[in-house]
Each structure stands twice: as C-alpha cells, then as structure tokens.
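Trainee: Everything in the sequence shown is counted per UniProt numbering, starting at 1 for the first residue and increasing by one. For glycine and all other residues, C-beta sits at the position ideal for the given N, C-alpha and C. Quantities reported herein were computed from a predicted structural model and do not represent experimental measurements. Just dropping this structure here.
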Amino acid sequence: MAEDTTNPSYWLNATFLLCAIIILLPMLFAAFLIWKLEEFNTLRRGDQHSFIEFLYKEEPWRTCLKGISPSWLMAYRVLAFAVLSTLITCNIVLDGGGVFFFYTQWTFTLVTIYFGLGSAFSVYGCFLYHGHANGDRSDSIDVDPEQSTYVPPSLEEDMRGPDVPKTSNDEGKNSDYQSMGFWNHIFQIVYQIAGGAVILTDSVFWLILYPLYLSKGFAMRPLNICLHSLNAVFLLGDAILNDMRFPMFRIAYFILWTCTYVIFQWIIHACVSLWWPYPFLNLKSPYAPLWYVFKLEVALCK
C-alpha cells in the first residue's frame with residue numbers, strides 16, 4: 001500500500017530534514033553565485049561594461065564559423081522549434097496536462113522555449129546580416145563583401161565600444177541596447193539551464209528508469225523515446241552551430257531549476273497523496289538521502 005504523503009509523520013522526521021538540507025544548501029549557494037557574478041548591465045555612455053554588453057548583443061544569432069551564414073542557424077532553430085512544439089503538443093493531447101508532473105516535460109518545454117526564442121533572435125539577426133534592419137547595414141555588423149560572411153569587431157573596436165550618435169535618437173538607441181542586453185542574458189540563462197537539464201533528464205531516463213521499466217515489462221512508446229532523445233540531439237546541434245558563451249557560474253540557474261522541481265514535488269505531495277513520478281524521490285526509502293546527494297552531484301557535474 002502506498003504511503004499517505006499528506007500525513008505529517010511522512011515529513012516530520014530526520015530523513016526529510018536531511019533531504020531538505022541537501023536541497024536548500026545548494027539553492028542558497030546558487031543564489032549567492034548569481035547575486036555575486038551575474039550582471040544585467042545597462043548601456044551608459046562612458047561605462048566600460050556597456051561596451052561589453054554591446055559586443056555580445058550579436059551572440060544569440062551568430063554562428064561559430066564565419067563561413068556559416070546565420071541563415072543556416074535560423075533554419076535549424078525554426079525546424080527544431082516546430083518539431084519539439086509538435087511533440088510536446090502531442091504529449092499533452094494524448095496524456096493530458098498531468099504530464100507536467102514529470103521533470104522530463106519541464107525540461108522539454110524549456111528546450112522548446114529556447115528554440116522559440118532562438119528562432120526569433122536568428123530572424124532578427126538575419127535581417128541585420130542581410131542589411132535590412134533600418135536600411136543600414138553598418139549600424140550593427142560588418143560583412144565581408146567578397147565572402148558575404150560576418151566579420152566580428154576587432155579587439156580595439158571592442159574596447160572602444162560603439163559610436164553612439166549625438167542625436168535626438170540617442171535615448172531610443174540606448175533603450176534598444178538595454179533591451180537587447182537583457183534578452184541576451186535571459187536567452188543565455190535558458191541555454192545554460194536547458195543544457196544541464198537535458199543531460200540530467202536523458203541520463204537518468206536511459207541509465208536508471210529505462211532498465212527499471214523494462215524489468216517490469218512496461219512497453220516504451222515511440223513518443224517517449226523522442227521526448228528523451230530529440231531534445232538532446234537538437235540542443236547538441238545548436239551548441240555546435242552557435243557562438244554563444246557558456247559561463248560556468250550560470251550552472252547555478254540549473255541547480256535552482258532542478259531543486260525547484262524537487263520542492264514542487266514536495267509541496268504537491270504534502271497537499272495530495274500521490275505516487276512519486278520518480279521512485280528515488282520517495283522520502284520513505286531508507287536510501288532517499290543518498291539518492292538526493294547523487295542527484296545533486298550529477299547536477300553539479302554538468
């Protein structure tokens with residue numbers, strides 16, 4: 001008989017206290033890292049940080065090699081977004097909204113959002129790349145006219161920063177740069193979370209859950225196979241094509257994301273007696289603290 005997770009005795013014990021410490025301490029550390037290292041800079045004339053922000057505003061749509069047009073990355077992201085959106089929609093239609101009880105669907109939805117944002121950035125970047133943004137190619141990027149490839153700014157130009165025109169449009173341009181910098185940060189944060197979450201999700205599924213399901217005679221639907229494989233395939237392809245940074249401290253966002261899911265499960269089970277979507281989350285298991293430590297170590301190693 002399944003444990004009644006709404007019973008106070010299920011939670012008021014040393015096992016839950018230990019698991020809570022295992023989850024909350026990394027969350028506090030991750031929050032400290034974000035507070036200490038993350039900077040949402042604004043573009044201010046004479047501010048050195050604003051030049052760095054301007055330099056990286058093209059990262060979301062720029063490719064890793066000058067010989068690869070941003071149009072290829074745009075097409076790839078649009079295709080990935082279409083496929084992933086179709087899969088998650090089919091999953092919801094077939095199994096209902098309860099699928100979001102699982103970490104897999106959290107991760108899959110996040111990856112889908114990433115490709116949706118990436119598609120929007122790439123479309124915007126292609127307009128800049130082909131000189132159709134505001135009718136002026138020189139405002140944002142440099143293009144080699146012979147090879148038709150993106151030419152990044154030189155180090156001297158990077159340090160000097162953009163030439164901000166002294167016109168009545170100055171405030172508007174600054175606002176555009178601020179907005180672009182903010183969404184760059186958001187996009188890169190989603191990229192960081194998605195990368196770690198996909199590795200964790202697919203690793204746990206194929207190395208732990210899949211053998212367990214097979215041993216119990218459960219059949220594996222093609223949809224489930226796609227949900228636990230195509231997200232990694234598409235994200236890996238995007239990582240190969242794009243030219244985005246991967247600041248290691250932003251692994252803190254992934255830790256917060258994963259720990260938030262665990263706390264979400266605790267809250268749900270404290271209110272309603274339900275089965276656990278993943279057996280290792282069950283706090284009545286004598287090995288529960290070890291499972292939580294293992295899960296956290298896997299997250300930290302991503």
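(1) Assuming Ala-30 and Leu-256 make a contact with CB atoms under 8 Å, what is their CB distance in whole Å?
(2) Tell me where the alpha helix (DSSP H) around Asn-224 begins and ends.
(3) I'd like to check one pair, Phe-205 with His-228: are the Cβ atoms closer than 9 Å?
(4) Counting only runs that start and end within the region 250-289, where is the alpha helix (DSSP H) found for 4 or more residues in a row?
(5) Check whether the Cβ atoms of Arg-77 and Phe-108 sit closer than 9 Å, and answer yes or no.
(6) Kindly list the residues whose CB is nearer than 8 Å to the CB of Thr-167, restricted to its own chain and excluding five residues on each side of it in sequence; keep chain order.
(7) Between the region 15-26 and the region 276-294, are three or more C-beta pairs nearer than 8 Å?
(8) Considering just the uninterrupted stretch of the alpha helix (DSSP H) at Cys-126, what are its terminal residues?
(9) Tell me the rounded alpha-carbon separation between Pro-222 and Trp-276.
(10) Measuring only the C-alpha atoms, how far is Leu-110 from Phe-246?
(11) If we count the other Cβ atoms within 10 Å of its Cβ and call it buried at 16 or more, is Cys-259 buried or exposed?
(12) Tell me the DSSP secondary structure of Thr-6 in three-state form.
(13) What three-state label does DSSP hand Asn-13 in the structure shown?
(14) Across the region 78-90 and the region 115-124, are there enough close Cβ pairs to call them in contact, namely three or more that are closer than 8 Å?
(15) Does the region 84-103 come within contact of the region 63-76, defined as at least 3 CB pairs closer than 8 Å?
(16) How should Asn-184 be labelled, buried or exposed, when 16 other C-beta atoms within 10 angstroms of its C-beta is the threshold for buried?
(17) Can you have a look at Cys-271 and say buried or exposed, based on whether 16 or more other CB atoms are within 10 angstroms of its CB?
(18) Among Tyr-292, Val-93, Ile-193 and Trp-266, which has the Cα closest to the Cα of Pro-8?
(19) Is it buried or exposed for Asp-202, if we count other Cβ within 10 angstroms and need 16 for buried?
Mentor: So, to answer that:
(1) 5 Å
(2) 222-227
(3) yes
(4) 251-271
(5) no
(6) For Thr-167, the pLDDT reaches just 45, beneath the cut-off of 50, and the residue's location in the model is therefore unreliable, although a value from the coordinates is still provided. Result list for Thr-167: empty, nothing under 8 Å.
(7) yes
(8) 103-129
(9) 23 Å
(10) 17 Å
(11) buried
(12) coil
(13) coil
(14) yes
(15) no
(16) buried
(17) exposed
(18) Trp-266
(19) buried
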